[in-house]
Amino acid sequence: MNQVEREQWFLIWPDREEDRSDSPEETMAEIADRASEFGIMLSWTPQTRDTGFGLEKRAILTGSEQSLEDFLEEFL
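Mapping of the sequence shown onto this note's numbering: residues 40 to 115, in sequence order.
Here is the structure:
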């Protein structure tokens, strides 16, 4: 099965306090764990951005096209 890479930004630290987990690192770990359940390798990059809704971090996802689509559909 062919592996593809896809870039995706994830909200790791929402501006709204009630939407936050304990830390951005905890949120990143949860996202990576969920990706692995779909057979996806997730690599965080150094890039972050403030969107006005919170802090987002860029990730590179590697997996089959179908697993990436399934993960992003369910997760986002």
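Positions of the beta carbon are idealized from the N, C-alpha and C atoms, including for glycine.
Which listed residue (the options) has its alpha carbon closest to that of residue i
i   : options            : result
L94 : E44, E46, P53, V43 : P53
W48 : T66, E104, D58     : T66
E56 : W83, R97, F92      : F92
P63 : E76, K96, N41      : K96
DSSP three-state assignment for residue i, whether helix, strand or coil
i   : result
T84 : strand
R97 : strand
I70 : helix
D58 : helix
Rounded Cβ spacing between residue i and residue j (contact assumed at less than 8 Å)
i    : j   : result
L100 : I79 : 5 Å
E104 : V43 : 5 Å
T84  : A98 : 7 Å
Cβ pair residue i, residue j closer than 7 Å
i   : j   : result
L81 : A68 : no
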